[in-house]
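Before any comments, here is the structure.
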Amino acid sequence: MLVRTRSASDPQASEITPRHLFDQRRRLLAAAATGLAWWPAQRALAQRQGGEQKLAARPSSLSTTETPTPYKDVTTYNNFYEFGFDKDDPAKYAHTLKVRPWTVEVEGEVRKPKVFDIEELLKLAPLEERVYRLRCVEGWSMVVPWVGYSLSELIRKVEPTGNAKYIEFVTLADKAQMPGLSSSVLAWPYVEGLRLDEANHPLTLLTLGLYGEALPKQNGAPVRVVVPWKYGFKSGKSIVRIRFVEKQPVSSWTRVLPHEYGFYSNVNPKVDHPRWSQATERRIGDSGFLQRKRETLMFNGYADQVASLYAGMDLRKFF
Ligand SMILES: Nc1nc2c(c(=O)[nH]1)N[C@H]1C(S)=C(S)[C@@H](COP(=O)(O)O)O[C@H]1N2
Ligand SMILES: [Mo]
Numbered sequence: 011m012l013v014r015t016r017s018a019s020d021p022q023a024s025e026i027t028p029r030h031l032f033d034q035r036r037r038l039l040a041a042a043a044t045g046l047a048w049w050p051a052q053r054a055l056a057q058r059q060g061g062e063q064k065l066a067a068r069p070s071s072l073s074t075t076e077t078p079t080p081y082k083d084v085t086t087y088n089n090f091y092e093f094g095f096d097k098d099d100p101a102k103y104a105h106t107l108k109v110r111p112w113t114v115e116v117e118g119e120v121r122k123p124k125v126f127d128i129e130e131l132l133k134l135a136p137l138e139e140r141v142y143r144l145r146c147v148e149g150w151s152m153v154v155p156w157v158g159y160s161l162s163e164l165i166r167k168v169e170p171t172g173n174a175k176y177i178e179f180v181t182l183a184d185k186a187q188m189p190g191l192s193s194s195v196l197a198w199p200y201v202e203g204l205r206l207d208e209a210n211h212p213l214t215l216l217t218l219g220l221y222g223e224a225l226p227k228q229n230g231a232p233v234r235v236v237v238p239w240k241y242g243f244k245s246g247k248s249i250v251r252i253r254f255v256e257k258q259p260v261s262s263w264t265r266v267l268p269h270e271y272g273f274y275s276n277v278n279p280k281v282d283h284p285r286w287s288q289a290t291e292r293r294i295g296d297s298g299f300l301q302r303k304r305e306t307l308m309f310n311g312y313a314d315q316v317a318s319l320y321a322g323m324d325l326r327k328f329f
């Protein structure tokens, strides 16, 4: 992946911020942490910028209590290579994506293959708000209030056969809508995969929205997956096909750089990427003294829930 690092000579924001501003900011952050200060402001912002379909979602006990990253950052600092490589490219160019009509074809090793219309997916199960950490392999992270339901709800409906060991997720690949496809940096369509038990884990989210509204195009409208204990690239966007298969799928990143991006790609501070460390991360939206790097947590902080999926596996080998 294309990674830009800040030069060692750049001053940290904390070194150049006057003390009183620093303290004031700390009080604001403390207020925000209660969940009262940020929420109405973020909703107002979401309504102004999106004006999209509102999605009513019930809160979930699977949510983190960490303060969500501002809506503006979540929707302008993106990776969606189909629309360019720079972080602000998707917000600029994804408007050409047509999200209606939209169908998702579910096929392969299932007893009940089915083409789901997006409107049907919106009603398949009660929508929940899942506030999750998202940690990109590039070394930054966010906290996003996603809207969706466990992917297992969909999996149940199509009845996987005994041969279904893995699931493959395929993103739309249409040159007319996606200018990035003219670059050969990745194998298109963008493909990602999970083991069936990972896909069935309650944390794995079939995601239809964020901040209480339908997904903005730059975030993978109209439907994507979010797998919070894995690096961000495992969370494929704008999905048109879900295939149940017997053999481990080859994802797009593994296809182009197999020694750098493995199938599992679990967040693991102890296993570095061949070209850079994975021990720390920068939280988007942090400023002042908080801009200092945070320690990356095993399985992105979801170890209690997911470590058992990998019991007995050598996580250096199965990176
Ligand atoms: N189809 C597709 N899905 C994708 C990507 C992409 O380039 N194309 N980028 C991935 C990466 S690297 C990350 S970090 C997340 C970013 O999701 P966000 O922009 O909603 O934060 O999307 C993932 N899903
Ligand atoms: Mo990423």
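Numbering-wise (the working numbering), the sequence shown opens with residue 11 and increments by one. Cβ coordinates follow ideal geometry from the N, Cα and C atoms, glycine included.
Assumed close pair residue i, residue j - CB separation to whole angstroms, cut-off 8 Å
i      : j      : result
Val277 : Phe329 : Actually they are not in contact, since the Cβ atoms of Val277 and Phe329 sit about 11 Å apart, beyond 8 Å.
Tyr320 : Ser262 : No, Tyr320 and Ser262 are not in contact; Cβ-Cβ is about 23 Å, not under 8 Å.
Val195 : Tyr91  : 7 Å
Phe179 : Gly242 : In fact, because the Cβ distance is near 14 Å, the residues do not count as touching under 8 Å.
Tyr159 : Pro136 : 7 Å
Pro170 : Leu134 : So it is not a contact: roughly 16 Å between Cβ atoms.
Pro238 : Leu144 : 7 Å
Val316 : Leu213 : 7 Å
Pro100 : Gln228 : 4 Å
Tyr142 : Thr75  : In fact, because the Cβ distance is near 12 Å, the residues do not count as touching under 8 Å.
Three-state secondary structure (DSSP) of residue i
i      : result
Thr106 : helix
Pro170 : strand
Phe328 : coil
Gly158 : strand
Val233 : coil
Asn244 : According to the sequence displayed, residue 244 carries Lys and not Asn. Of the three classes helix, strand and coil, the one that applies to Lys244 here is helix, per DSSP.
Thr264 : helix
Lys133 : helix
Phe93  : helix
Val141 : strand
Glu117 : strand
Leu319 : helix
Val86  : Rather than Val, the amino acid found at residue 86 in this sequence is Thr. In the structure shown, Thr86 sits in a helix (DSSP, three-state: H, G or I).
Ala66  : coil
Phe254 : strand
Ser192 : helix
Pro165 : Residue 165 is actually Ile in this sequence, not Pro. Three-state result, Ile165: helix.
Glu291 : strand
Leu213 : coil
Tyr271 : coil
Backbone CA spacing between residue i and residue j [nearest angstrom]
i      : j      : result
Gly295 : Ala174 : 40 Å
Leu307 : Phe299 : 20 Å
Met323 : His211 : 18 Å
Asp96  : Arg265 : 22 Å
Val116 : Ser71  : 29 Å
Gln63  : Cys146 : 28 Å
Arg292 : Glu148 : 10 Å
Thr86  : Val120 : 38 Å
Phe126 : Val114 : 5 Å
Gly222 : Arg110 : 19 Å
Ser297 : Arg285 : 26 Å
Arg326 : Lys185 : 37 Å
Glu129 : Trp112 : 9 Å
Pro279 : Lys240 : 12 Å
Lys77  : Thr181 : Here residue 77 is Thr; the residue named in the question, Lys, does not match the sequence. So the alpha carbons of these two residues sit roughly 30 Å apart.
Glu163 : Val157 : 14 Å
Lys167 : Leu131 : 11 Å
Ala313 : Ala183 : 34 Å
Gly190 : Glu305 : 33 Å
Ala224 : Gly311 : 27 Å
Lys108 : Pro226 : 12 Å
Arg68  : Phe309 : 25 Å
His269 : Lys244 : 16 Å
Arg140 : Leu65  : 13 Å
Glu301 : Gly172 : According to the sequence provided, residue 301 is Gln. The question's Glu does not apply to it. For Gln301 and Gly172, the distance between alpha carbons rounds to 48 Å.
Leu267 : Ser287 : 17 Å
Residue i versus the options, residue with shortest Cα-Cα distance
i      : options                       : result
Ile177 : Tyr87, Ser287, Val147, Val260 : Val260
Leu218 : Glu138, Leu204, Ala197        : Glu138
Trp198 : Asp207, Leu204, Met188        : Met188
Glu208 : Ser318, Lys64, Lys303, Pro80  : Ser318
Ala289 : Ala67, Ser151, Gln228, Pro80  : Ser151
Lys124 : Ile165, Thr181, Val235        : Ile165
Gly118 : Arg293, Pro78, Val255         : Val255
Asn94  : Ser192, Arg234, Lys122        : Checking the sequence, you will find Gly at residue 94 rather than Asn. Comparing Cα positions, the closest option is Ser192.
Pro232 : Ile249, Met11, Val153, Lys244 : Ile249
Val235 : Tyr312, Gly203, Asp314        : Gly203
Pro80  : Pro155, Ala186, Leu132, Arg68 : Pro155
Gly230 : Thr106, Thr77, Gln315         : Thr106
Val153 : Leu220, Leu132, Arg251, Pro69 : Leu220
Asn89  : Met11, Ser287, Tyr271, Phe309 : Met11
Lys82  : His269, Phe309, Asn310, Asp98 : Asp98
Ile252 : Glu270, Leu65, Lys122         : Lys122
| Distance cut 5 Å, beta-carbon to ligand 2 heavy atom: residue list by chain order | Asn89, Cys146, Gly242, Phe243
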